[in-house]
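First to last, the protein sequences are chains A and B.
If you're matching positions, the first sequence starts at 1 in the numbering used here and goes up one per residue.
If you're matching positions, the second sequence starts at 382 in the numbering used here and goes up one per residue.
By construction, the Cβ of each residue, glycine as well, lies at the ideal position given by its N, Cα and C atoms.
Okay, so here's the structure we're looking at.
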Amino acid sequence: MPDPQSPALRRTPLAAVHAGLGATMTEFAGWLMPLRYGSETAEHNAVRKAAGLFDLSHMGELMITGDGAAAALDYALVAEASAIKPGRARYTMICAPDGGVIDDLIVYRLAESQYLVVANASNAAVVAAELAERSDGRGAEVRDRTADYALIAVQGPRAAAIVASLTSTDLDQVRYYASYQATIAGSEALLARTGYTGEDGFEIFVGPQEAAPLWEALTEAGRGFGLVPAGLAARDSLRLEAGMPLYGNELGRDVTPYDAGLGRVVNLDKPGDFVGRAALAERAQAAPTRVLLGLAGQTRRVPRHGYSVLWNGEPCGTVTSGAPSPTLGRPIAMAYVTAEMAAEARSAAGTSQGRLAVDIRGSAEPAELVPLPFYKRPAPN
Amino acid sequence: MSVPEELYYTAEHEWVAISDATARVGITDYAQRALGDVVYVTAPAQGTRVTAGDPCGEVESTKSVSDIYCPADGEVTEVNPEIDEDPGLVNSDPYGAGWLFKIKLDSGDQVPPGLLSATEYTALTAEAQQ
Chain A
1 MPDPQSPALR RTPLAAVHAG LGATMTEFAG WLMPLRYGSE TAEHNAVRKA
51 AGLFDLSHMG ELMITGDGAA AALDYALVAE ASAIKPGRAR YTMICAPDGG
101 VIDDLIVYRL AESQYLVVAN ASNAAVVAAE LAERSDGRGA EVRDRTADYA
151 LIAVQGPRAA AIVASLTSTD LDQVRYYASY QATIAGSEAL LARTGYTGED
201 GFEIFVGPQE AAPLWEALTE AGRGFGLVPA GLAARDSLRL EAGMPLYGNE
251 LGRDVTPYDA GLGRVVNLDK PGDFVGRAAL AERAQAAPTR VLLGLAGQTR
301 RVPRHGYSVL WNGEPCGTVT SGAPSPTLGR PIAMAYVTAE MAAEARSAAG
351 TSQGRLAVDI RGSAEPAELV PLPFYKRPAP N
Chain B
382 MSVPEELYYT AEHEWVAISD ATARVGITDY AQRALGDVVY VTAPAQGTRV
432 TAGDPCGEVE STKSVSDIYC PADGEVTEVN PEIDEDPGLV NSDPYGAGWL
482 FKIKLDSGDQ VPPGLLSATE YTALTAEAQQ
């Protein structure tokens with residue numbers, strides 16, 4: 001258990017709030033973060049059925065401004081940043097020249113010449129450095145504004161009702177992957193309809209001093225809607241069910257967006273060069289050597305990161321993420337396997353019974369292929 | 382943090398209740414809190430000979446897997462039949478309905494060597510939390 005007194009760990013503006021709630025804290029990317037407040041399964045289920053409240057202040061916020069901001073990001077990222085309309089956002093990646101993923105990101109275009117890039121906590125410094133280098137001489141300024149923002153997320157089917165009660169902004173106008181300057185519970189905020197759970201929800205960026213009052217206001221407003229605080233454990237099981245990658249598991253320097261089944265984030269057609277273009281263009285044409293698959297366990301033992309995937313008893317890949325799925329009621333996992341095995345297993349379809357397994361600490365536990373995502377939220381009425 | 386007085390403990394966070402030359406074994410409140418929601422328990426099979434200090438099973442939670450270490454020499458006589466259906470009993474009632482297995486003790490009615498008292502176990506966990 002991490003030492004809460006350790007000065008080396010960074011604390012979000014909500015550290016005292018989590019302590020007051022009796023959260024089990026954990027170290028994550030150099031930050032002291034809430035792992036869970038009680039039962040992570042209950043928190044996960046609350047997000048699927050009602051709403052969860054998350055402290056995501058450890059994420060990196062990088063502001064890119066200037067007349068050249070759009071063009072600089074077109075070059076620096078795999079997305080066509082200049083095509084993002086002001087008030088809209090996009091999920092994308094920053095890649096190395098060899099096409100390897102440096103981070104997955106959400107890019108918010110706040111204005112014609114202003115972009116907010118939100119990076120994973122573990123990669124924020126690297127992404128800031130790369131963006132600065134790649135923007136050099138392109139008429140754009142890159143500033144690491146992480147310390148200037150707290151980030152609170154409300155995720156779940158009741159999220160909109162809860163947030164609506166605290167703002168005069170018409171939330172029907174804030175569509176999925178849009179952002180809006182709004183006043184929430186009296187605080188100036190950037191309100192974004194984005195998330196990492198597979199549910200409807202909002203990510204709210206405010207100044208650090210506003211974080212605790214906003215958390216309290218959301219907690220109050222959420223009573224009666226079933227809102228609960230939710231930690232990183234629930235965040236991970238929710239994103240896994242939603243088939244979303246985690247940098248360090250499904251994504252890394254040795255993986256291209258195509259390997260992870262996320263070729264859609266690469267805009268090869270955009271005019272002008274971008275970092276990684278040649279390697280990614282080649283990779284887009286080539287037959288993949290490995291494929292990211294979804295698996296569901298047929299026993300209750302959980303396939304975990306690093307475990308071997310077996311096809312006809314032979315190792316053919318490795319689990320990247322695995323957890324019990326509260327929604328599916330069985331363990332789920334994502335794994336990279338050889339393209340050959342993926343093709344065989346997919347065409348075997350119903351007859352893959354008994355042939356697919358995961359080596360769980362020395363025992364071959366049967367599994368079956370499941371298309372990603374494991375969970376899709378029901379369409380609104 | 383619950384540490385019932387009448388039980389014995391191990392440094393690996395198992396508790397032991399002794400009566401009629403039999404030990405009933407489970408994991409402590411401290412352990413279940415550290416693990417989080419328990420999703421599966423692999424207990425030693427009925428009839429297995431077990432040795433004190435050896436890993437003899439696993440408790441798997443959402444985020445981790447922990448070995449169960451056998452607290453005493455003997456033979457496993459019974460495994461809790463409820464745990465398979467409801468592993469959450471380990472979290473909700475670790476000293477009661479969440480018991481894991483029973484051992485017929487080689488030491489008979491004598492308390493097996495090496496176990497900790499409630500006071501000693503409490504001190505151990507307090508140190509671990511500093």
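{"Item": "LEU268 (chain A) burial status per 10 Å Cβ neighbour count (16 or more: buried)", "Value": "exposed"}
{"Item": "Rounded straight-line distance, which links the Cα of LEU53 (chain A) to that of ALA230 (chain A)", "Value": "6 Å"}
{"Item": "Separation of PRO245 (chain A) from GLY252 (chain A), as counted between CA atoms", "Value": "10 Å"}
{"Item": "Separation of GLU365 (chain A) from ALA46 (chain A), as counted between CA atoms", "Value": "30 Å"}
{"Item": "Length of the line joining the Cα atoms of ALA160 (chain A) and ILE408 (chain B)", "Value": "42 Å"}
{"Item": "Contacts around ALA339 (chain A), its chain only, beta-carbon distance under 8 Å, and the 5 residues preceding and following it disregarded", "Value": "ALA287, PRO288, THR289, ARG290 and VAL291"}
{"Item": "Contact with chain B by ARG36 (chain A), beta-carbon distance below 8 Å", "Value": "yes"}
{"Item": "Whether VAL406 (chain B) touches TRP480 (chain B) by CB criterion (8 Å)", "Value": "yes"}
{"Item": "Candidates A:ILE64, A:LEU105, A:PRO13 and A:GLU188: closest to SER122 (chain A) by CA position", "Value": "A:LEU105"}
{"Item": "Of the listed residues A:PHE205, A:VAL163, A:VAL265 and A:ARG235, nearest to GLU220 (chain A) (C-alpha basis)", "Value": "A:VAL163"}
{"Item": "C-alpha gap between ALA124 (chain A) and ALA342 (chain A), whole angstroms", "Value": "34 Å"}
{"Item": "CB contact flag (LEU240 (chain A), ILE332 (chain A), <8 Å)", "Value": "yes"}
{"Item": "Amino acids of chain B, ordered along the chain, whose beta-carbon sits closer than 7 Å to that of PRO366 (chain A)", "Value": "Correct list: empty, because the minimum Cβ distance to chain B is about 15 Å."}
{"Item": "Amino acids of chain A, ordered along the chain, whose beta-carbon sits closer than 8 Å to that of LYS485 (chain B)", "Value": "Going along chain A, no residue has its Cβ under 8 Å from LYS485 (chain B), so there is no contact; the nearest lies around 27 Å."}
{"Item": "Candidates B:ALA402, B:LYS444 and B:LEU416, of which the one nearest GLU393 (chain B) by Cα", "Value": "B:LEU416"}
{"Item": "Where GLN427 (chain B) falls: helix, strand or coil (DSSP)", "Value": "coil"}
{"Item": "8 Å Cβ cutoff, THR41 (chain A) in contact with chain B", "Value": "yes"}
{"Item": "Under 8 Å from the C-beta of ALA323 (chain A): neighbouring residues of chain B", "Value": "THR443 and LYS444"}
{"Item": "Residue-level contact to chain A via CB, GLY477 (chain B), 8 Å cutoff", "Value": "no"}
{"Item": "Near the ligand HEM: ASP170 (chain A) beta-carbon under 7 Å from a heavy atom", "Value": "Summarising the ligand content, the structure contains no ligands, and the ligand HEM is consequently not present."}
{"Item": "CB contact below 8 Å: SER308 (chain A) versus chain B", "Value": "no"}
{"Item": "PRO208 (chain A), enclosing alpha helix (DSSP H) - first and last residue", "Value": "208-222"}
{"Item": "contact_flag[the stretch 186-194 of chain A, the stretch 135-144 of chain A] where n(CB pairs < 8 Å) is 3 or more", "Value": "no"}
{"Item": "Exposed unless 16 or more other CB atoms sit within 10 angstroms - verdict on PRO468 (chain B)", "Value": "buried"}
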